[in-house]
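Shown next, in structure tokens, is the structure this report addresses.
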Amino acid sequence: MMRQVLYALMPAALAHVWYFGPGFIFNLIVASLFCVAGEALMMRVRNRAAKSALADYSAIVTAALIAFALPSLTPWWVTATGSLFAVVVAKHLYGGLGFNVFNPAMVGYVVILIAFPLHANLWVAPRMGDIDYQFLTILQTLTYTLTGSLPDALSFDAVSRATPLDSMQSGLRNLLTYAELRANPMMGDFGGHGWEWIGNFVALGGFWLLIKKIISWQIPLGVFAGLLIPAGLMYAIDPGTHASPGFHLFSGATILCAFFIATDPVSAATSPKGRFIYGVGTGLLVYAIRRWGSYADGVAFAVLLMNMASPAIDYMTRPHIVGHARRGNE
Amino acid sequence: MSAPTYDLGKLHGGLRLPGHKSASTAQPIRTVPIPERLILPITQHVGDPAQPVVGIGERVLKGQLIATSEGSLGAPIHASSSGRIVAIEPWPVSRRHGDNAPCIIIECDGEDRAVKTVESQPLFDQLPPEVLLHQILRGGIVGLGGAVFPTAQKLMQARTCKLDYLILNGVECEPYISCDDVLMREHAVEVAVGAQILMHALQLETCYIAIESDKPEAIHRLAEVMGELDDDRLVLKLVPTIYPSGGENQLVQLLANREVPSGRLPTDVGCLVQNVGTVVAIHDWIINNEPLVSRITTVTGDGVAVPTNVRARIGTPVADIIEFVGGYTDVAEQLIIGGPMTGKSVSDDRVPLVKATNCILVLSASPTTGPELACIRCGDCYSVCPVQLLPQQLFWYACADDEKGLRRYGLTDCIECGCCDLACPCNIPLTANFRRAKGRMQKMASEKTRAERARRRFEARNERLKREQHARSEELGRQKESARTAGPAAIAEILKRKQDKTEAE
């Protein structure tokens, strides 16, 4: 089942590499290495067979999600810290697969965000036709991943750019209007240029998972509803100072969250009704953090907060058992 | 007679399973000849074991009563052929718990002589319902769908409820089993007349005959017979081919759109469900005076040479039946009494065919499933559960032995159909876990009642001792008091009497 998730992520991975360079591949390799090593180590420490845990590919899925969450230019020790924390602490110290309360990939990413704030926010500009942004070669990217130092002629300022979400958030807070911000060539049709195409490919993989019945539709629908309905409301009330729902949908990790991150079965709610509520809660929190919080994208925190609520949601949304009185009629 | 209808309630979950029934329905029912020995367990029904009424060495006739269940929940047992009782001793049987059970063993003389039947008897619809029910009690009839609940007692309980429908269960949703299918094809008249007998006994006006939609021959034959009988109380209802829509509660949900309350019976919502085999057995007993001494069984699987449905006498060893249909094949590995989902695996083919045996399944080795992984809370088990339970939560609480949690999530409502086992991507044996958990819960419950009783007796004893002590001390106080007040006068009295006595002497 986890293998299918990896297949579904491949189109998005290819799009990522196309727009942002080979850094994603190196991050993926580093993350996979450390996730697998961490899992093997923990299974050994717990006196269990390492092979059976690795055979379900869940460590690789965690690594992939961490790689998607990070900028393509990331030194290896940043990725490694996040990966190890995700697998060792968030997953195995809680009991291993099936017992983790929190989504391991998101825990890993949040640790990186808080421990390495500079590196976690060093985003690269996407490839865009004729705009003259510095684009590193493969070798230069590899050097950076291994050593953390850019080629001599370049500085961080030259290479990095704010993400569309980030620039939108800071721009709106500096009282620029949404329309003005949209005029920036960094913006694409809905979200940011390049970013939205990755979003499309993620959605492709997501729909494939839905068709194959690997994930159920309640969580993605809930996330989209919880994010886009408030976004639409606020945009309708005041279009000048709010980003449109379309922008929210295609920026940042929205689609990745809806189909791949929030749908992690172990940390999400269980019953169909519970899953929908969980999705809506995630979407609402993502919007709240984007609109009023200090982080550009709230997906990681939203998912972790809803993970905390999952047991309660499960308890309150137990489905009706045939032959029992319907709750509320007792 | 109306055309078969589909208007049904909804059933959650369930699985479409491959049928594997065409091999065994390809030929007509064959009758297994009289075996050398008949082995009849005295517990072939829910309830208390029947009491043997014959002794070793006695000669019995076919249809003669050999074990009675007067005064307890059960059904009588009759000899399936004529012969001599050679033993009443434990023998391997295919019960769910334990292997050997007390059996009456008859050595058959091959003549198959039957008891003399009553010369003339009134037609069933001229008998009062109570008389009819008492007569059914003596026929040894139990639920032949596999549950073997004594039919007469079930009907008597049903009479105390307000009933709307009689439902005949010809659904037979479990793979491989086809005995009810061929029964309906070849004995459709008995099914319909049996339904009429039951409707008279229970004073009902509507009877639904439920059949799965993948049994066209049976549907056709029954429709024909119902047309000939021209009894518009009988209605044919088609049910989609989804396992386990043949479960009693599930069928009530589908046909009457009513949920049977947890822990209660279908009769509480006005429905009485009877397997078509049971109905035919009732017919044979009431109309032809033949007690339940034989049944139709499906012998199938890739481990038998020619899958067939056979009519065999109760007590025939399974080995004899398999030999009759052509013997084992080279790949035969497992012997299962019952179906692949709800049957029991046995290791000894000397076990007899009993009233509950609806299928003898011989399979080659099952393909190995993967290793059991931890539950990833995917929710597939909920989506297939016909009772809308959350098997993953039940599994969690079963592992933790948390009785309160198990009750809250409805463990007692699990019908052990096995759908969740098939749906689980982590190969967790959920149904087996739930059976064990139910057993543990029952044990804990009985221990609790015993402890409760012991506590009450202890407290009552303490009460009693306290009361007695209180009474004693009161009595003592009263005596002291009377001694004090009456004191000197009484002592003088006693002394005077003593003096008088000594003076008198």
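Each protein sequence line maps, in turn, to chains A and B.
Taking the working numbering, the leading residue of the first sequence gets 9, the next gets one more, and so forth.
Taking the working numbering, the leading residue of the second sequence gets 47, the next gets one more, and so forth.
Just so it is clear, CB atoms sit at the ideal spot from N, CA and C, and this is done for glycine as well.
Predicted, not measured: the structure shown is a model, and the values here were computed from it.
DSSP three-state assignment for residue i, whether helix, strand or coil
{"i": "B:H124", "result": "strand"}
{"i": "B:R510", "result": "helix"}
{"i": "A:N35", "result": "helix"}
{"i": "B:C149", "result": "strand"}
{"i": "B:Y374", "result": "strand"}
{"i": "B:Q97", "result": "strand"}
{"i": "B:M387", "result": "coil"}
{"i": "B:V283", "result": "Just to set this straight, residue 283 of chain B is Lys in the shown sequence, not Val. B:K283: strand per DSSP, three-state reduction."}
{"i": "B:K261", "result": "coil"}
{"i": "B:N355", "result": "strand"}
{"i": "B:I342", "result": "strand"}
{"i": "B:G191", "result": "coil"}
{"i": "A:T325", "result": "coil"}
{"i": "B:P81", "result": "coil"}
{"i": "A:W225", "result": "coil"}
{"i": "B:W137", "result": "strand"}
Chain A within 7 angstroms of residue i, Cβ atoms only
{"i": "B:V235", "result": "no"}
{"i": "B:L476", "result": "no"}
{"i": "B:A420", "result": "yes"}
{"i": "B:C463", "result": "no"}
{"i": "B:L435", "result": "yes"}
{"i": "B:G456", "result": "yes"}
Within-7 angstroms CB hit, residue i to chain B
{"i": "A:I219", "result": "no"}
{"i": "A:P19", "result": "no"}
{"i": "A:P327", "result": "yes"}
{"i": "A:N337", "result": "Low local confidence applies: a pLDDT of 46 at A:N337 is under 50, so the model's placement there is unreliable, and no value is given."}
{"i": "A:M114", "result": "no"}
{"i": "A:L49", "result": "no"}
{"i": "A:G90", "result": "no"}
{"i": "A:P228", "result": "no"}
{"i": "A:L105", "result": "yes"}
{"i": "A:H100", "result": "no"}
{"i": "A:G179", "result": "no"}
{"i": "A:G331", "result": "yes"}
Alpha carbon of residue i to alpha carbon of residue j, nearest angstrom
{"i": "B:A538", "j": "B:K544", "result": "10 angstroms"}
{"i": "B:G55", "j": "A:F284", "result": "26 angstroms"}
{"i": "B:Y222", "j": "B:T346", "result": "7 angstroms"}
{"i": "B:Y455", "j": "B:L468", "result": "20 angstroms"}
{"i": "A:A170", "j": "A:P273", "result": "33 angstroms"}
{"i": "B:E176", "j": "B:E116", "result": "17 angstroms"}
{"i": "B:S118", "j": "B:P312", "result": "23 angstroms"}
{"i": "B:S492", "j": "B:Y443", "result": "20 angstroms"}
{"i": "B:T163", "j": "B:N335", "result": "7 angstroms"}
{"i": "B:I540", "j": "B:S528", "result": "15 angstroms"}
{"i": "B:R76", "j": "B:Q97", "result": "32 angstroms"}
{"i": "A:V38", "j": "A:Y27", "result": "20 angstroms"}
{"i": "A:Y303", "j": "A:L212", "result": "27 angstroms"}
{"i": "A:Y323", "j": "A:P247", "result": "40 angstroms"}
{"i": "B:G464", "j": "B:R105", "result": "45 angstroms"}
{"i": "B:Q434", "j": "A:H332", "result": "10 angstroms"}
{"i": "A:S252", "j": "A:G240", "result": "7 angstroms"}
{"i": "A:L264", "j": "A:V210", "result": "6 angstroms"}
{"i": "B:I332", "j": "B:E82", "result": "29 angstroms"}
Amino acids of chain E, ordered along the chain, whose beta-carbon sits closer than 7 angstroms to that of residue i
{"i": "B:P417", "result": "Here chain E cannot be found, since the structure's protein chains are A and B."}
7 angstroms CB neighbourhood of residue i in its chain, flanking five on each side removed
{"i": "A:F32", "result": "A21, H24, V25, A75, S80"}
{"i": "A:E338", "result": "Since pLDDT at A:E338 reaches only 39, below the 50 mark, its modelled position is unreliable, and the value read off the structure follows with that caveat. No residues qualify anywhere along the chain."}
{"i": "B:L300", "result": "L54, G55, L57, V285, S291"}
{"i": "A:L62", "result": "V44, E47, A48"}
{"i": "A:N315", "result": "V109, F110, N111, S275"}
6 angstroms Cβ shell around residue i - same chain, five flanking residues per side excluded
{"i": "A:I321", "result": "A277, G282, I285, Y286"}
Cutoff 8 angstroms; reference residue i; Cβ partners in own chain excluding five residues on either side
{"i": "B:P136", "result": "N146, A147, P148, C149"}
{"i": "B:P475", "result": "E418, D467"}
Check your understanding: Using 8 angstroms as the Cβ pair cut-off and three pairs as the minimum, do the region 94-105 of chain A and the region 46-56 of chain A touch?
Key -> As far as the Cβ criterion goes, the region 94-105 of chain A touches the region 46-56 of chain A, which means the pair count is three or higher.
Exercise for review: Specify whether the region 284-297 of chain A and the region 222-239 of chain A touch according to this definition: at least 3 beta carbon pairs, one from each stretch, less than 8 angstroms apart.
Suggested key: As far as the Cβ criterion goes, the region 284-297 of chain A touches the region 222-239 of chain A, which means the pair count is three or higher.
Review point. Does the count of Cβ pairs from the region 388-399 of chain B and the region 422-442 of chain B closer than 8 angstroms reach three?
Key: no
Practice item. Mind the definition here: the region 71-83 of chain A touches the region 112-120 of chain A only if three or more C-beta pairs lie below 8 angstroms; say whether that holds. Key: Yes: at least three Cβ pairs fall under 8 angstroms.
Review point. Is the region 302-317 of chain B touching the region 195-210 of chain B in the sense that three or more CB pairs, one from each, lie closer than 8 angstroms?
Key: yes
Review point. Using 8 angstroms as the Cβ pair cut-off and three pairs as the minimum, do the region 169-183 of chain A and the region 143-152 of chain A touch?
Key: no
Practice item. Evaluate contact between the region 258-271 of chain A and the region 185-205 of chain A, counting only Cβ atoms and requiring at least three cross-stretch pairs below 8 angstroms. Key: yes
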